[in-house]
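> If you read the sequences in order, they're chains A and B. Here the first sequence is numbered in this note's numbering, starting from 3 and rising by one per residue. Here the second sequence is numbered in this note's numbering, starting from 30 and rising by one per residue. Take a look at the following structure, please.
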Amino acid sequence: GENVEQHPSTLSVQEGDSAVIKCTYSDSASNYFPWYKQELGKRPQLIIDIRSNVGEKKDQRIAVTLNKTAKHFSLHITETQPEDSAVYFCANDMRFGAGTRLTVKP
Amino acid sequence: EAQVTQNPRYLITVTGKKLTVTCSQNMNHEYMSWYRQDPGLGLRQIYYSMNVEVTDKGDVPEGYKVSRKEKRNFPLILESPSPNQTSLYFCASSFSRTGTRNTEAFFGQGTRLTVV
């Protein structure tokens with residue numbers, strides 16, 4: 003199957019700082035790039051997604067950027083808050099990255 | 030309410046005793062999939078189904094079976110569970126996996142399985 007690689011596996015930031023998580027994929031035909039957030043003890047839920055006809059999408063403090071040439075897309079969280087602490091997953095064609103555990107320290 | 034429902038939420042069983050985890054969605058989704066989640070390994074795909082009567086292996090299919098007789102249901106079957114199948118399992122569904130109808134995945138609540 004197609005590979006989805008996600009980095010870093012853990013990320014610790016101070017409240018108010020920015021966080022960036024990167025995902026690379028191998029299927030050049032892919033056209034849909036979502037990010038999911040999984041809070042402790044809960045199911046993953048979509049937080050933002052982007053299609054291949056745009057390079058960036060923003061929703062308040064979160065944004066996703068896509069580089070189709072390099073086959074990677076990134077999640078950007080600005081002004082991080084303690085409630086952003088969770089595990090984040092990228093996905094491609096319903097296959098998921100290994101996840102990034104984000105910790106936001108107050 | 031649009032949802033994916035898994036049952037049971039928790040299950041402790043013994044090695045070799047057949048079990049089934051049910052998954053049902055009410056969104057008329059074509060695509061359904063099973064994942065297991067283990068610490069540090071993310072969500073690994075076990076089996077998936079593109080539509081009724083169409084199933085295929087994911088990355089870690091050994092020891093598991095699935096069926097898709099109806100569009101809404103996609104049960105996961107462990108014929109002879111072993112301790113290495115102790116994990117957190119998620120069912121998910123979406124309209125499609127690829128193409129223009131590719132959309133977000135909706136997850137069930139998860140099933141925490143312990144095999145002793």
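Even for Gly, the Cβ is constructed at its ideal location relative to N, Cα and C. Every value quoted in this text rests on a predicted model; they were computed, and no experiment measured them.
1) Beta-carbon of residue 45/B versus every beta-carbon of chain A: anything under 8 Å?
2) Looking only at its chain, what residues have a beta carbon closer than 7 Å to the beta carbon of residue 41/B, apart from the 5 residues adjacent to it on each side?
3) Which one or two residues does DSSP pair with residue 116/B in a beta bridge?
4) Which residues share a DSSP beta bridge with residue 80/B?
5) Which residues in the same chain have their Cβ closer than 6 Å to the Cβ of residue 72/B, if we skip the five residues on either side of it in sequence?
6) Against residue 91/A, what residues of chain B qualify as contacts under a CB-to-CB distance less than 7 Å, listed in chain order?
7) Looking only at C-alpha atoms, which of 16/A, 17/A, 44/A, 71/A sits nearest to residue 90/A?
8) What number of angstroms, rounded off, separates the C-alpha of residue 3/A from the C-alpha of residue 87/B?
9) Strictly by DSSP, which residues pair up with residue 40/A?
10) Can you pull the chain A residues whose beta carbon is under 9 Å from the beta carbon of residue 91/B, in chain order?
11) Is it the case that the Cβ atoms of residue 165/A and residue 106/A are separated by a distance below 8 Å?
12) For residue 36/B and residue 52/B, what's the separation of their Cα atoms in angstroms?
13) Which whole-angstrom value is the C-beta distance of residue 110/B and residue 48/B, which I expect to be below 8 Å?
14) Strictly by DSSP, which residues pair up with residue 71/B?
The structure says:
1) False, the Cβ-Cβ gap to chain A never drops below 8 Å.
2) For residue 41/B, the CB contacts under 7 Å within the same chain, skipping 5 residues up- and downstream, are 143, 145 in chain order.
3) Residue 116/B is bridged to 142/B.
4) The secondary-structure analysis by DSSP pairs residue 80/B across a beta bridge with 83/B.
5) Once the five neighbours on either side are set aside, the close Cβ partners of residue 72/B are 64, 66.
6) Residues of chain B whose Cβ lies closer than 7 Å to the Cβ of residue 91/A are, in chain order, 71, 72.
7) The candidate whose alpha carbon is nearest that of residue 90/A is 44/A.
8) Bear in mind that a pLDDT of 49 at residue 3/A, under 50, signals an unreliable position, so the model cannot answer this.
9) 89/A, per the DSSP bridge assignment.
10) Those do not exist, as residue 91/B stays about 15 Å from chain A at its closest Cβ, beyond 9 Å.
11) The requested residue 165/A is not part of the displayed model; chain A covers only 3 to 108.
12) Just so you know, the alpha carbons of residue 36/B and residue 52/B end up roughly 7 Å apart.
13) Right, the Cβ-Cβ distance comes to about 6 Å (below 8 Å), so this counts as a contact.
14) Answer is 67/B, bridged to residue 71/B.
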